[in-house]
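One structure below.
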Ligand SMILES: Nc1ncnc2c1ncn2[C@@H]1O[C@H](COP(=O)(O)OP(=O)(O)OP(=O)(O)O)[C@@H](O)[C@H]1O
Ligand SMILES: [Mg+2]
Ligand SMILES: [Zn+2]
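Residue numbers (our numbering): 37 to 547.
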């Protein structure tokens with residue numbers, strides 16, 4: 037008898053429906069065709085054990101399994117469930133009347149329990165698009181899949197439960213969630229700006245960065261609070277829209293990183309990979325392509341602490357994705373794209389000993405060493421960082437007395453307001469959403485300076501020996517400062533503030 041079930045494969049962050057046909061006839065052999073990898077081929081032995089262990093009979097007949105479309109590689113053990121169900125139906129041990137209604141995936145343990153899979157959210161989205169009535173996923177994945185509305189999502193922890201549901205047409209295992217509720221319920225942050233005492237100028241700089249989507253680097257001695265500040269940045273960014281949350285969740289789901297009790301990544305991600313990370317770890321890759329940190333940070337913050345310690349080659353591979361906001365991974369058989377739209381926050385000590393420019397500690401590094409430390413960061417990467425912020429520590433004696441800072445929520449409201457101005461400004465521009473994304477050409481359209489503004493900038497460039505690349509960044513940042521001030525025009529005060537955020541461009545840095 038011939039029976040069909042449906043599973044899915046992941047390509048990038050999207051799912052493709054895979055049809056599994058099982059035909060059982062006279063004879064004795066087991067054939068599995070349709071580009072299965074070794075893990076799929078080995079399912080034969082697992083399935084014999086599972087089906088016998090749950091008290092059914094693995095048919096001792098000629099079994100042909102065909103997985104289509106044939107040109108897509110079928111990887112991993114997650115096809116166990118749709119193959120097992122198809123074999124049971126083709127051998128008339130369960131009813132086949134609802135098999136066309138569902139897409140199902142799940143890895144099976146030898147006792148028949150169902151283990152989690154990657155990409156359940158993408159699978160649910162695709163199944164809905166293709167008009168399936170429902171999907172069947174491991175219980176551990178049911179929360180992420182159930183966020184998709186308009187399709188029945190069932191979660192099970194054992195194959196016998198799936199068999200009972202298919203036989204008896206029950207609604208057991210059905211889970212319903214409301215995406216908007218989940219977004220509100222889960223949209224909370226552990227860290228708040230109010231924990232950071234003093235440092236008003238740094239918080240101001242981070243507010244500007246958040247408002248205009250600018251990448252930022254913090255330079256300061258050990259213990260000055262750089263990591264503490266970076267961790268709080270997601271809490272002042274605008275809340276994610278449902279589209280953004282789904283997109284970020286898809287990436288985490290495909291990477292198998294969603295906790296089983298979580299349905300949606302609804303707080304903006306904060307990723308802080310260690311400086312020993314590999315190219316593939318940062319931008320994605322591997323034999324079976326997986327998203328890297330820059331994609332896991334999608335719609336959130338990528339924090340690179342101790343930036344000069346990262347291998348130059350690793351930072352170099354980030355360049356193109358930062359420009360395109362997408363990363364393309366090419367392998368012999370496939371090319372996949374992962375989104376990579378994130379805000380980069382970097383931190384570094386000002387010199388190898390850490391105390392260059394420190395108010396009361398002496399730096400033991402020679403000027404040459406300070407300069408070469410800075411030069412470890414590649415120019416092209418520095419070109420994509422709009423704000424430089426020097427962090428000096430709040431003296432220990434003052435920490436206890438200094439009053440608590442302003443709450444993240446208040447800062448966030450200002451950031452949202454400035455964001456709305458930018459949304460309106462760029463409403464006809466498909467590829468620009470915020471000030472940071474403007475090109476040099478856009479600057480002449482959206483960032484006109486008046487006479488006194490141009491003069492101020494000219495004097496600053498000369499006096500502070502700012503390099504040419506500082507010029508555009510200063511104008512961009514001043515546009516955001518003006519937006520935070522609800523000012524249509526860039527005023528000299530906005531430019532004056534923006535000029536402060538280019539410390540690393542001063543040609544005399546390190547002297
Ligand atoms: N302004 C501040 N308000 C409250 N606590 C602070 C402040 N600055 C520093 N601290 C305390 O000092 C600790 C060290 O700060 P943090 O780890 O963020 O410093 P850092 O600049 O990242 O240092 P390193 O260069 O060593 O990584 C924080 O965890 C926090 O407890
Ligand atoms: Mg730190
Ligand atoms: Zn030093």
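Where a beta carbon is used, it is the ideal one built from N, C-alpha and C, also for glycine. What you are looking at is a predicted structure, and each value in this text was computed from that prediction instead of being measured.
- Inter-residue distance for residue 413 and residue 343 is about 7 Å (C-alpha atoms, whole angstroms).
- Listed in chain order, the alpha helix (DSSP H) elements of length 4 or more contained wholly in the region 311 to 371 are 315 to 319, 329 to 332, 348 to 352, 355 to 360.
- Cβ-Cβ separation between residue 535 and residue 517: approximately 11 Å, too far for a contact (criterion under 8 Å).
- When rounded, the separation of the alpha-carbon atoms in residue 111 and residue 313 is 26 Å.
- Residues of the same chain with a CB within less than 6 Å of the CB of residue 184, apart from the 5 flanking positions on each side, are 160, 161, 164 in chain order.
- Relative to residue 270, the option among 242, 291, 88 whose CA is nearest is 242.
- In the three-state DSSP reduction, residue 141 falls in the coil class, being neither helix nor strand.
- Inside the region 216 to 280, DSSP marks whole alpha helix (DSSP H) runs of 4 or more residues at positions 236 to 248, 262 to 267, from first to last along the chain.
- Around the beta-carbon of residue 203, fewer than 16 other beta-carbon atoms lie within 10 Å, marking it exposed.
- Taking every protein chain shown into account, the CB of residue 115 has 16 or more other CB atoms within 10 angstroms, so this residue is buried.
- Distances taken from the Cβ of residue 444 to the heavy atoms of ligand 1 include none shorter than 6 Å.
- With the criterion CB distance below 7 Å from any heavy atom of ligand 2, the matching residues run 262, 263, 341, 383 along the chain.
- Inter-segment contact for the region 53 to 60 and the region 97 to 104 is present: three or more beta-carbon pairs are separated by less than 8 Å.
- The alpha-carbon separation between residue 328 and residue 499 amounts to approximately 42 Å.
- Boundaries of the alpha helix (DSSP H) harbouring residue 418: 415 to 418, taken from the DSSP string.
- In chain order, 179 place their CB closer than 8 Å to the CB of residue 297, counting only its own chain and leaving out the 5 sequence neighbours on each side.
- A heavy atom of ligand 1 is found nearer than 6 Å to the CB of residue 260.
- Note on geometry: alpha-carbon atoms of residue 326 and residue 366 lie some 12 Å from one another.
- Shown here, residue 103 sits in a strand according to DSSP, grouped into three states.
- Residue 283 holds the alpha-carbon nearest to the alpha-carbon of residue 156 among 399, 283, 417.
- The alpha-carbon of residue 531 is positioned some 12 Å away from that of residue 497.
- Close CB contacts of residue 130 within its chain, under the 8 Å cut and outside five residues either way in sequence, are with 121, 124, 199, 202, 203 (chain order).
- Straight-line measurement puts the Cα of residue 53 at about 14 Å from the Cα of residue 70.
- For residue 96, the closest C-alpha among the options 73, 395, 405, 66 is that of 66.
- For residue 439, the shortest C-beta to heavy atom distance toward ligand 1 is 6 Å or greater.
- The C-alpha of residue 113 is placed about 7 Å away from the C-alpha of residue 79.
- Leaving aside the five residues that flank residue 254 on each side, the residues in its chain whose CB is nearer than 6 Å to its CB run, in chain order, 262, 383, 425, 427.
- Distance check between residue 508 and each of 43, 288, 472, 359 places 472 closest, using alpha-carbon atoms only.
- Taking the Cβ of residue 370 as the reference point, every heavy atom of ligand 1 lies at 6 Å or farther away.
- The alpha helix (DSSP H) runs of length 4 or more contained entirely in the region 471 to 505 are, from start to end of the chain, 476 to 482, 487 to 499.
- Listed in chain order, the non-local C-beta contacts of residue 211 below 6 Å within the same chain comprise 178, 182, 189, 191, local neighbours out to five positions each way being set aside.
- Note that the C-beta distance between residue 88 and residue 147 is not below 7 Å.
- The beta carbon of residue 440 lies closer than 8 Å to those of 230, 231, 233 in the same chain, with the five residues before and after it left out.
- At a Cβ-Cβ threshold of 7 Å, residue 118 and residue 150 do not count as neighbours.
- Rounded to the nearest whole angstrom, the C-alpha separation of residue 422 and residue 154 is 37 Å.
- Less than 7 Å divides the Cβ of residue 137 from the Cβ of residue 169.
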